[in-house]
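**Student:**
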Amino acid sequence: MTDFAATKAMFDLPEGVIYLDGNSLGPLPKSAGARVQRMLTEEWGQMLITGWNKAGWMGLPTGLGDRIGRLIGAEPGSVVTGDTLSIKVYQALASALELNPDRKVVLSDNGNFPSDLYMADGLLRSLGDDYELRIVDPESVADAITEEVAVLMLTEVDYRSGRMHDMKALTELAHANGVVTVWDLAHSAGAIPVDLSGCNADLAVGCTYKYLNGGPGAPAFIYVAPRLADNTRPALSGWLGHEAPFAFDLDYRPGNGIERMRVGTPPIIQMTALSAAMDIWDMADMADVRAKSVELTELFIERVEATCPDLQLASPRNPELRGSQISFRFKEGYAAMQALIARGVIGDFRSPDIMRFGFTPLYIDEGDVERAVEIIADIMQNRLWDTPEYKIRQRVT
Numbered sequence: 001m002t003d004f005a006a007t008k009a010m011f012d013l014p015e016g017v018i019y020l021d022g023n024s025l026g027p028l029p030k031s032a033g034a035r036v037q038r039m040l041t042e043e044w045g046q047m048l049i050t051g052w053n054k055a056g057w058m059g060l061p062t063g064l065g066d067r068i069g070r071l072i073g074a075e076p077g078s079v080v081t082g083d084t085l086s087i088k089v090y091q092a093l094a095s096a097l098e099l100n101p102d103r104k105v106v107l108s109d110n111g112n113f114p115s116d117l118y119m120a121d122g123l124l125r126s127l128g129d130d131y132e133l134r135i136v137d138p139e140s141v142a143d144a145i146t147e148e149v150a151v152l153m154l155t156e157v158d159y160r161s162g163r164m165h166d167m168k169a170l171t172e173l174a175h176a177n178g179v180v181t182v183w184d185l186a187h188s189a190g191a192i193p194v195d196l197s198g199c200n201a202d203l204a205v206g207c208t209y210k211y212l213n214g215g216p217g218a219p220a221f222i223y224v225a226p227r228l229a230d231n232t233r234p235a236l237s238g239w240l241g242h243e244a245p246f247a248f249d250l251d252y253r254p255g256n257g258i259e260r261m262r263v264g265t266p267p268i269i270q271m272t273a274l275s276a277a278m279d280i281w282d283m284a285d286m287a288d289v290r291a292k293s294v295e296l297t298e299l300f301i302e303r304v305e306a307t308c309p310d311l312q313l314a315s316p317r318n319p320e321l322r323g324s325q326i327s328f329r330f331k332e333g334y335a336a337m338q339a340l341i342a343r344g345v346i347g348d349f350r351s352p353d354i355m356r357f358g359f360t361p362l363y364i365d366e367g368d369v370e371r372a373v374e375i376i377a378d379i380m381q382n383r384l385w386d387t388p389e390y391k392i393r394q395r396v397t
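Under our numbering, the first residue of the sequence shown is numbered 1, with each subsequent residue one higher.
1) Tell me the rounded alpha-carbon separation between Y223 and R393.
2) T307 and V373 - do their beta-carbons sit closer together than 8 Å?
3) If the criterion is Cβ atoms closer than 8 Å, does the pair V105 and V149 meet it?
4) Since F328 is in the alpha helix (DSSP H), which residue starts that stretch and which ends it?
5) I believe P361 touches S293 by the beta-carbon criterion, under 8 Å. Please report the beta-carbon distance rounded to the nearest angstrom.
6) Give the C-beta separation of G347 and M355 to the nearest angstrom, bearing in mind that I take them to be a contact with Cβ-Cβ under 8 Å.
7) According to DSSP, is E139 helix, strand or coil?
8) With DSSP run on the structure shown, which of helix, strand or coil describes T307?
9) Check for me: the alpha helix (DSSP H) holding S115 runs from which residue to which?
10) Just the C-alpha distance for M10 and I280, rounded to the nearest angstrom, thanks.
11) Given this structure, state the Cα-to-Cα distance separating T62 from V263, to the nearest angstrom.
12) Could you have a look at P407 and say whether DSSP puts it in helix, strand or coil?
13) I think L28 touches D12, with their Cβ atoms under 8 Å apart; what is that distance to the nearest whole Å?
14) Between S275 and P309, what straight-line distance do the alpha-carbon atoms span, to the nearest angstrom?
15) Using the Cα positions of G77 and G65, report the straight-line distance between them to the nearest angstrom.
16) Using 10 angstroms around the beta-carbon of L48, count the other beta-carbons present and answer buried if the total reaches 16, otherwise exposed.
17) Who are the near neighbours of A218 in its chain, counting only those whose CB is closer than 6 Å to its CB and skipping five residues on each side?
18) Can you give, in chain order, each stretch of the alpha helix (DSSP H) that sits fully within the region 165 to 246 and has at least 4 residues?
19) Three Cβ pairs or more, each shorter than 8 Å: is that satisfied between the region 378 to 392 and the region 35 to 52?
20) Within a Cβ cutoff of 8 Å, which residues of the same chain sit near D121, ignoring the five residues on either side of it in sequence?
21) Give the DSSP bridge partners of L154, in chain order.
22) Between the Cα of K331 and those of A287, R343, A284 and R383, spot the shortest distance and give me the residue it belongs to.
23) I'd like to know if the region 141 to 159 and the region 169 to 180 are in contact, where contact means that at least 3 CB-CB pairs between them fall below 8 Å.
24) Given a cut-off of 8 Å on the beta-carbon distance, is the pair V151 and H187 in contact?
25) Answer with buried or exposed for A314, where buried requires no fewer than 16 other C-beta atoms within 10 angstroms of its C-beta.
26) Any idea what DSSP makes of I341, helix, strand or coil?
27) Under the DSSP definition of a beta bridge, which residues are partnered with F11?
28) With C-beta atoms as the reference, is F359 less than 8 Å away from T297?
29) For V149, name the three-state secondary structure that DSSP assigns.
30) Among V345, R371 and A377, which one has its Cα closest to the Cα of L20?
31) Tell me whether the region 106 to 115 and the region 157 to 168 touch, counting them as touching only if at least three CB pairs, one residue from each stretch, are closer than 8 Å.
32) Quick check: the Cα distance between D130 and R103, rounded to an integer number of angstroms?
33) Pick helix, strand or coil for S24, following the three-state DSSP scheme.
34) Taking C-beta to C-beta, are Q312 and F300 nearer than 8 Å?
35) Determine whether the beta carbon atoms of A74 and L196 lie at a separation below 8 Å.
36) In whole angstroms, what separates the C-alpha of Q37 from that of S31?
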């Protein structure tokens, strides 16, 4: 069983803060600073460029990929880290479209993260006017999967409400209609059990700065099913995805398997911080994480609804239908969240009226939930949010 008391002790959490925003940016692992400092002084500082070989920097993208792969049900050697999530979305979608060249429609939903839709729209505009990004309501996705669709591109867990798509059922339906799937796991990896292999998923992408605690700007990852890897052309033909990068050939030849999905030089400092976080995740079983997450979120809903009648649950009530976050609607949600943050309960706000709270059992426990609800109730019952200072919108909400 996962020892959550032990994992909580491995994070550097500020005194007096209840951190319910790990679904946006995970907190700092205590070992990350020393790990990065050692990399800077002993590896970069002393080894200089020889660190690529002596310190194993070149192998970090796939090494970390396998460690993440364990959490998302990926086969060994099918995940690689690097670049940003937007780049990986573009890369995965472009490759998926080439796997289905006779079709021109990309299907997504209006609960998808806007950046995914922006990247898809930009790509399709470059490909030509005959391509279409078709966006439907989340509840209508299954009915919209037809033989006209080339790629189904979905975020498994809705970033606003936490509503969760049924990956297995939708992937089966997509394949029955000849559709290639691209899954965004930004709010899944480290939050819920994911079984890419068992679901027969085609491609998937995700980030590591949320539940995986890799730090701001931590690298993204991409998954390609082994059955497709050697037939998938990387639309972003970066030099590190070349079969022999240091041959410096003028013609591109894709590397073997997932290696071909590498693009640019890996961010070694960020990957070193991520490796410290993965040391903690290596101690965790996702089934245990999910079970504890459900306990915490159920407790949170029960307590908030009992004390804060002005807050309306925006997440699915059934825990089987949501990820590891709870969202409430409130007309003055932005101001209320700023009041909470001022009192040490950190969540975030998503327009137009969503107050969002993330639950990561690695460092959040029942005591945190109880204390957080006491503060939320005080702020809501006494309208402590209703001051001008809390209504000034900052650049990041």
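Glycine included, each C-beta is placed from N, C-alpha and C at the ideal position.
**Tutor:** Considering the structure as presented:
1) Rounded to whole angstroms, Y223 to R393 spans 37 Å at the Cα level.
2) In contact: V373 and T307 (Cβ atoms closer than 8 Å).
3) Contact check for V105 against V149 passes: the beta carbons are separated by less than 8 Å.
4) It is not in any alpha helix (DSSP H) - F328 instead sits in the beta strand (DSSP E) that spans Q325 to R329.
5) With 8 Å as the limit, P361 and S293 qualify as a contact, their Cβ atoms being about 6 Å apart.
6) About 6 Å; that satisfies the 8 Å criterion.
7) E139: helix per DSSP, three-state reduction.
8) Reduced to three states, the DSSP call for T307 is helix.
9) Counting along the chain, the alpha helix (DSSP H) containing S115 begins and ends at P114 to L127.
10) It is roughly 8 Å from the alpha-carbon of M10 to the alpha-carbon of I280.
11) Between T62 and V263, the C-alpha separation is close to 13 Å.
12) A question about residue 407 goes unanswered here, because the residues of the chain that appear run from 1 up to 397.
13) Indeed, because the Cβ distance is near 4 Å, the residues count as touching under 8 Å.
14) Between S275 and P309, the C-alpha separation is close to 43 Å.
15) Cα to Cα, the separation comes out at about 8 Å.
16) Counting Cβ neighbours within 10 Å, L48 comes out exposed, since fewer than 16 surround it.
17) Taken in chain order, the residues that qualify are T208, Y209, Q270 and L274.
18) Runs found: 167 to 176 and 226 to 229.
19) In short, these stretches do not touch, since the Cβ pair count stays below three.
20) In the same chain as D121, and ignoring 5 residues on each side of it, the C-beta atoms closer than 8 Å to its own belong to L133, in chain order.
21) DSSP lists W183 as partners of L154.
22) When each option's Cα is compared against that of K331, the closest is R383.
23) These segments touch.
24) In this structure, V151 sits away from H187, with a CB-CB distance that is not shorter than 8 Å.
25) Per the 10 Å Cβ criterion, buried.
26) I341 falls in the helix class under three-state DSSP.
27) Within the DSSP secondary-structure output, F11 pairs in a beta bridge with P29.
28) Pairing F359 with T297 gives a Cβ-Cβ distance under 8 Å.
29) In this structure, DSSP gives V149 an extended state, which the three-state scheme calls strand.
30) Of V345, R371 and A377, the residue nearest in Cα terms is V345.
31) Flag = yes, the region 106 to 115 and the region 157 to 168 touch.
32) Cα to Cα, D130 sits roughly 10 Å from R103.
33) Here DSSP, grouped into helix, strand and coil, assigns S24 to coil.
34) It is not a contact, given that the beta carbons lie outside the stated cut-off.
35) Against a cut-off of 8 Å, the Cβ pair of L196 and A74 comes out as a contact.
36) Cα to Cα, Q37 sits roughly 10 Å from S31.
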